[in-house]
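Here is the structure we will look at.
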Amino acid sequence: MKWIKKLFGKQESSREKAVSSEVSFDGLPALLEESSQKISSEIEKDVSGLFRELEVAISELKESNARLLEAKVEGDFDIRAVKRAKSNRENVTKQVGVFIDKLGVLENTDFRALKGFHETAVQNLDTCLEHMNQSFRYTRVVFPQESKDVTESLGRLGQVLNGFRETIREHKREMEAIEAASAGMKEVRELFASVKAENLEIESKNRKILALKDEVAGTGQALEELKQGEVGQNLQRLQGELDMARERLKKAETGLTSLFIPFSGNLSKIKKLHESGKYTLKPEVKQQLDMCLESPVNLDPSFFSELQRALEDPALDIQTQKKEKALAQVRSASLAFEEKKKEYIEARKAFEAKKAELAGSDTGKLAGLEHKETELLARARLLEEEIESSEKKLAALKEELRSKEEELQSSVAIIDKNVKIQFLS
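Here it is in structure tokens:
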């Protein structure tokens, strides 16, 4: 029959063909609970027989331990060997008794409880064997059969515990996957909430930026209208006049200071000679000399006569030719100083007056609009920087969310490879 179907191109439907199914993220807890209950039922079924075997093994161990404790010495042994055997027998039976007491009764047979019970039982058995091993060397010499019975009872109990281990091993991967999926769901939900919150934050900041830019545009328009109006025209006129007054002041200051440039080197030389103690100036003359070198604007005209006397003083260690040249330059500067200083003072007064006029003009509204525009632009830039930082954070959160979703899907695949999770969107 099969070859006839094959001849006509027909194929048998495969019952083993997997049919994938989807489960919503919110429906996943129910799936995990169902899987956990199913595995727990299988475990309970598997271990029910093992617990009966465990009860029998414990009962046998108790009996063999009791026989060892009550055993009589049979045979001809050295009295010292008997004494050692009896004292060590007490330790052996004590350790076995402690082990039996620690086994206890397991009322809850779910996976976690069973796993904990098995791990504790194996650990206690290893401890019992370790503590009784040395004593057993002496006990089995005098009480060979009873010691053998205890050993065999412990061995049978160990085999029962191995049965528990096999049952745990068979279901361990699925149960660990269920636990991992439960933890993974919490992480995915938290990350999804963080992504959503970050998106909302970015949207909010973008709306604020649009509102700020609209306000900047309105402020800029009002500012431009004000500049083109009477206030703006007046401000431009005053600003132009202030610039002219500043330039005039600069020229007057340059003209005044240029008078001292030709003999500034001699002034520096006189200052050094004074400071080194090779020539002495009057305190007031030294003060005027410093002023002349730094800012001759406030110089007293009497300084020129004092300077001439210093240059004519034979005690001043400067070459005669240089002195004569400097004297001529000082006289020339002295003649022009009053006029240059007057020009400077007038230019300074004009500049200060124009500056005060500009400051007192009706520019409050204009300055306020300019300040507002600057502040709005600064706030917009700050929000843009915050958005850039938020977008980087959002990208990292999305990547972490994608990774956690993949981990969760992998955990669910261990439980049921045909289940596909519909994640939150």
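Numbered according to the working numbering, the sequence shown spans residues 26 to 450.
Built from N, CA and C at the ideal position, the CB exists for glycine as well.
So what does residue i bridge to, in DSSP terms?
i: valine 72; result: Answer by DSSP bridge pairing: none, since valine 72 is not bridged.
For the putative contact between residue i and residue j, defined by C-beta atoms under 8 angstroms, what is the C-beta separation to the nearest angstrom?
i: leucine 57; j: alanine 206; result: 6 angstroms
i: glutamate 398; j: threonine 244; result: 5 angstroms
i: asparagine 224; j: leucine 419; result: 7 angstroms
i: isoleucine 439; j: arginine 198; result: 6 angstroms
i: alanine 247; j: leucine 401; result: Their Cβ separation, rounded to whole angstroms, is 12 angstroms, which puts alanine 247 and leucine 401 out of contact at 8 angstroms.
i: phenylalanine 217; j: leucine 426; result: 6 angstroms
i: glutamine 264; j: leucine 383; result: 7 angstroms
i: isoleucine 68; j: leucine 139; result: 6 angstroms
i: glycine 280; j: lysine 367; result: Rounded, the Cβ-Cβ distance is 11 angstroms, inconsistent with contact.
i: lysine 296; j: leucine 314; result: 6 angstroms
Please return the same chain residues whose Cβ sits closer than 8 angstroms to the Cβ of residue i, not counting the five positions on each side in sequence.
i: glutamate 337; result: Lys348 and Leu352
i: lysine 294; result: Ile343
i: alanine 361; result: Leu284
i: histidine 156; result: Asn116 and Gln120
i: alanine 405; result: Ile234, Leu237, Lys238 and Val241
i: leucine 7; result: Within the shown structure, residues of the chain are numbered from 26 to 450, placing residue 7 beyond reach of any answer.
i: glutamate 416; result: Ile227
Would you decide whether residue i is buried or exposed? Buried here means 16 or more other CB atoms lie within 10 Å of its CB.
i: glutamate 249; result: exposed
i: aspartate 174; result: buried
i: serine 435; result: exposed
i: alanine 372; result: buried
i: serine 84; result: exposed
i: histidine 143; result: buried
i: valine 355; result: buried
i: arginine 165; result: buried
i: isoleucine 104; result: exposed
i: glutamate 431; result: exposed
i: valine 81; result: exposed
i: proline 339; result: exposed
i: proline 326; result: exposed
i: proline 308; result: exposed
i: serine 60; result: buried
i: lysine 379; result: buried
i: leucine 235; result: exposed
i: alanine 381; result: exposed
i: lysine 442; result: exposed
i: lysine 429; result: buried
i: methionine 269; result: exposed
i: valine 213; result: buried
i: alanine 277; result: buried
i: glycine 290; result: exposed
i: glutamine 261; result: exposed
i: alanine 335; result: buried
i: glycine 209; result: buried
Classify residue i as helix, strand or coil using the three-state DSSP reduction.
i: valine 48; result: strand
i: valine 310; result: helix
i: valine 444; result: strand
i: glutamate 78; result: helix
i: valine 98; result: coil
i: alanine 340; result: coil
i: proline 326; result: coil
i: serine 283; result: coil
i: aspartate 135; result: coil
i: phenylalanine 168; result: coil
i: glycine 5; result: Here the chain comprises residues numbered 26 to 450, so residue 5 is not present and cannot be evaluated.
i: serine 289; result: helix
i: aspartate 103; result: coil
i: glycine 23; result: Because residue 23 is not part of the residues shown, which for the chain are 26 to 450, the question remains open.
i: leucine 179; result: helix
i: serine 428; result: helix
i: leucine 449; result: coil
i: serine 436; result: helix
i: serine 415; result: helix
i: serine 60; result: helix
i: serine 320; result: coil
For residue i, which residues from the same chain have a beta carbon less than 7 angstroms from its beta carbon, with the 5 sequence-adjacent residues on both sides left out?
i: lysine 111; result: none
i: isoleucine 446; result: Val48, Phe50, Leu53, Leu433, Gln434 and Val437
i: cysteine 317; result: Phe285, Leu292, Leu324 and Phe328
i: phenylalanine 288; result: Ala351, Gln354 and Val355
i: lysine 127; result: Asn149
i: arginine 181; result: Ala82 and Glu85
i: valine 299; result: Note that residue 299 is histidine in the sequence shown, not valine. Around histidine 299: Thr305, Leu306 and Lys311.
Give me, in chain order, the residues of the same chain whose beta-carbon lies closer than 6 angstroms to that of residue i; leave out the 5 immediate sequence neighbours on both sides.
i: leucine 79; result: Val185
i: serine 160; result: Asn113, Asn116 and Val117
i: lysine 71; result: The question names lysine, but residue 71 in the sequence shown is aspartate. The residues are Thr192.
i: alanine 96; result: Phe168 and Glu171
i: serine 65; result: Asp135
i: serine 178; result: Glu85, Leu86 and Ser89
i: valine 310; result: Glu331
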